[in-house]
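Undergrad: Would you mind keeping the following structure in view while I ask a few things?
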Amino acid sequence: RLEPILPTEGSPRGGRPAGDIRIFLNAIHSMLRTGAPWRALPQEYGSWKTVYSRFRRWHKRVYLTAILEILTLRSDMENIMIDGTFVHAHKHSVGARRSAGSNQAIGRSRGGFTTKIHTVVDGLGNMLGFILTGGECSEFTQAHKLLKYYRNTTVIADKGYNCQSIVNKLYAQGCAVAIPTKSNSKHPRNIDLHLYKERHLIENFFSKIKEYRKIATRYDK
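Numbering (this note's numbering), first residue to last: 29 to 249.
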């Protein structure tokens, strides 16, 4: 599925050819899985500096975002789910050089430094999009940004997203909602409780990605 949409690299004027893409992707997978520093990349994947430089190049040229967007074209959009999860930030992940417009997405709380991943998944629990913020950021504040492009689907979320402005915006987009109200609400909303049980899929998604140590704990700046 990936091979037809992966970018081709190399200069038409010649020069050193780009390394094998499969080895490069396996190297990235290995780093995410183990959480190791880049300098500890196993030699079978080649020079760590070459792999890291290529990874940064793909990021700056928005290749990784484009790949994600193409893969989401085959999503199950009958239902979508939104939620957020905390990521503990290691002390080495802070202290990046400050520059205009930079956002390190790190917050400080009683538990130390944290980052929060706000995510939308489709009806099968596959990621559609995400936003990174500091851990102190409330989840419903990012809902408008994540949900504004979705039409004619059912949005499933927990009580943290029970905000009337969010619900009204979703109705205007032609969406149904399965968002429970608080127990003391003066105007309780009737929802399909059987459908609401599908929300476990986004929790399963978070559980899967946190098997990767570089995501479960943020080490990089």
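By construction, the Cβ of each residue, glycine as well, lies at the ideal position given by its N, Cα and C atoms.
Would the stretch 163-180 and the stretch 212-227 be scored as touching if the rule is three or more Cβ pairs under 8 angstroms?
TA: The stretch 163-180 vs the stretch 212-227: no contact.
Undergrad: List in chain order: all unbroken alpha helix (DSSP H) runs of 4+ residues lying wholly within the stretch 86-113.
TA: Counting only runs of 4 or more, we get 91-99.
Undergrad: Less than 8 angstroms between the C-beta atoms of Asp104 and Leu60, yes or no?
TA: Result no, Cβ atoms of Asp104 and Leu60 do not sit closer than 8 angstroms.
Undergrad: Can you find at least 3 beta carbon pairs, one from the stretch 86-99 and one from the stretch 197-211, that sit closer than 8 angstroms?
TA: No contact exists between the stretch 86-99 and the stretch 197-211.
Undergrad: Going straight from the alpha carbon of Gly123 to that of Arg138, what length do you get?
TA: Going by the C-alpha atoms only, they are around 19 angstroms apart.
Undergrad: Can you tell me the Cα-Cα spacing of Phe234 and Thr142, whole angstroms?
TA: Looking at the two C-alpha atoms, the distance is approximately 16 angstroms.
Undergrad: Secondary structure at Gly47, three-state DSSP: helix, strand or coil?
TA: Of the three classes helix, strand and coil, the one that applies to Gly47 here is coil, per DSSP.
Undergrad: With H, G and I counted as helix, E and B as strand and the rest as coil, what does DSSP make of Thr209?
TA: If DSSP states are grouped into helix, strand and coil, Thr209 belongs with coil.
Undergrad: Is the beta carbon of Arg246 closer than 8 angstroms to that of Ala46?
TA: No, the pair does not count as a contact, with Cβ atoms beyond the cut-off.
Undergrad: Who does Phe83 pair with in a DSSP beta bridge?
TA: Paired residues: none, contrary to the question.
Undergrad: Bridge partners of Ser137, per DSSP?
TA: Answer is Gly140, bridged to Ser137.
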